[in-house]
Amino acid sequence: MPLAVIGGTGLTQLADLVIDHREMVHTPYGQASGPVVRGHLAGVPLMFMARHGHGHTIPPHRINYRANLWALQKAGATQVAAIAAVGGIDANLNPGDLVIPEQIIDYTSGREATFFEGDPVRHIDFTQPYDALLRGQLIQAARPLTTPVHTDGCYGATQGPRLESAAEIQRMARDGCTIVGMTGMPEAVLARELDLPYATCALVVNRAAGLNEGKPITMADIEQTLATGMIAVRQLLQALVRG
Ligand code: HPA
Numbered sequence: 001m002p003l004a005v006i007g008g009t010g011l012t013q014l015a016d017l018v019i020d021h022r023e024m025v026h027t028p029y030g031q032a033s034g035p036v037v038r039g040h041l042a043g044v045p046l047m048f049m050a051r052h053g054h055g056h057t058i059p060p061h062r063i064n065y066r067a068n069l070w071a072l073q074k075a076g077a078t079q080v081a082a083i084a085a086v087g088g089i090d091a092n093l094n095p096g097d098l099v100i101p102e103q104i105i106d107y108t109s110g111r112e113a114t115f116f117e118g119d120p121v122r123h124i125d126f127t128q129p130y131d132a133l134l135r136g137q138l139i140q141a142a143r144p145l146t147t148p149v150h151t152d153g154c155y156g157a158t159q160g161p162r163l164e165s166a167a168e169i170q171r172m173a174r175d176g177c178t179i180v181g182m183t184g185m186p187e188a189v190l191a192r193e194l195d196l197p198y199a200t201c202a203l204v205v206n207r208a209a210g211l212n213e214g215k216p217i218t219m220a221d222i223e224q225t226l227a228t229g230m231i232a233v234r235q236l237l238q239a240l241v242r243g
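For the sequence shown, full-length UniProt numbering assigns the number 1 to the initial residue and increments by one for each residue that follows.
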């Protein structure tokens, strides 16, 4: 099944992807974050899109999620693995850990969050926001890694681009969120509306606001964790495509 990977912060390109060509797909929803990159990973065909644009220039609230998902499907993707950098809320999570979440809570606002603008009015089922089969494959692919992998959890999607207040994180913890990121929604629901199996592999890059022993969250710390953490993500993706 043709797999597409949406790369997030720290994964604007897949270094080990042998690129065949880049394709700018025109969509009814405007411009996607960038071209659909077609290539081979470990000999297996794969598509890739950089969520924040090639040079990481598009902030989370300005990403054209509809165009991105639509373009990937138009290019032939039949499933989507989303890579995301997140903050850890659950005390068991350390920077560098991977999480394959199974639930999601949407705290975003003002984003274009549906393809279904009416006529007919449609309400899709979103009880299980992530595809069970693809989640299972991600979990399987993660087994050989030395990195700790958490195979449950709830992704809280915030509006950004600012990070959260300590009270917001406390509230999210009470809600049941174990990780926090800015791009998980509406990406997940738009994939569901297009009938595209979708699952997320999240890399914890910092402890969420107020949980870092009184220290502020710095981009320097995040970038350091990203650099090493994405090595594990690349290994996971190799294992995923090998099957
Ligand atoms: N909050 C929201 N998004 C994030 C964080 C965070 O702490 N870390 C990485 N993405």
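Each residue gets a CB set at the ideal place from its N, CA and C atoms; glycine is no exception.
A contact is defined here as three or more CB-CB pairs under 8 Å, and the region 128-140 meets this definition with respect to the region 185-198. Counting only residues of its own chain and dropping the five nearest sequence neighbours on each side, Pro28 has a CB closer than 8 Å to the CB of Trp70.
Here the alpha carbon of Ala141 sits roughly 15 Å from the alpha carbon of Pro101.
Between ligand 1 and Glu164, a heavy atom-to-CB distance of less than 8 Å is present. Taking Arg22 as reference, the option from Ile222, Asp125, Arg38 and Asn64 with the minimal CA-CA separation is Arg38. For Met182, the CB falls within less than 8 Å of some heavy atom of ligand 1. Bounds of the alpha helix (DSSP H) holding Ile139 are Ala132 to Ala142. For secondary structure counted as the beta strand (DSSP E) over 3 or more consecutive residues, the region 93-167 holds these complete runs in sequence order: 103-106 and 154-157. Boundaries of the alpha helix (DSSP H) harbouring Leu237: Met219 to Arg242, taken from the DSSP string.
Using a 10 angstroms sphere on the CB of Phe126, the tally of other CB atoms stays under 16, which defines it as exposed. In the DSSP assignment, Tyr198 falls within the unbroken beta strand (DSSP E) covering Tyr198 to Arg207. In the DSSP assignment, Ala67 falls within the unbroken alpha helix (DSSP H) covering Tyr65 to Lys74. Straight across, the Cα-Cα distance linking Asp152 with Ala32 is about 30 Å.
The criterion of a C-beta distance shorter than 9 Å is not satisfied by Val149 and Leu3. Pro45: member of the beta strand (DSSP E) spanning Val44 to Ala50, first to last residue. Collapsing the DSSP output to three states places Leu41 in a strand. Here His61 really is in contact with Gly160; their C-beta atoms are around 6 Å apart, less than 8 Å.
By DSSP's assignment, Ile6 forms a beta bridge with Met49 and Ala82.
Per the C-alpha coordinates, the member of Leu17, Gly8, His26 and Leu226 positioned closest to Gly43 is Leu17.
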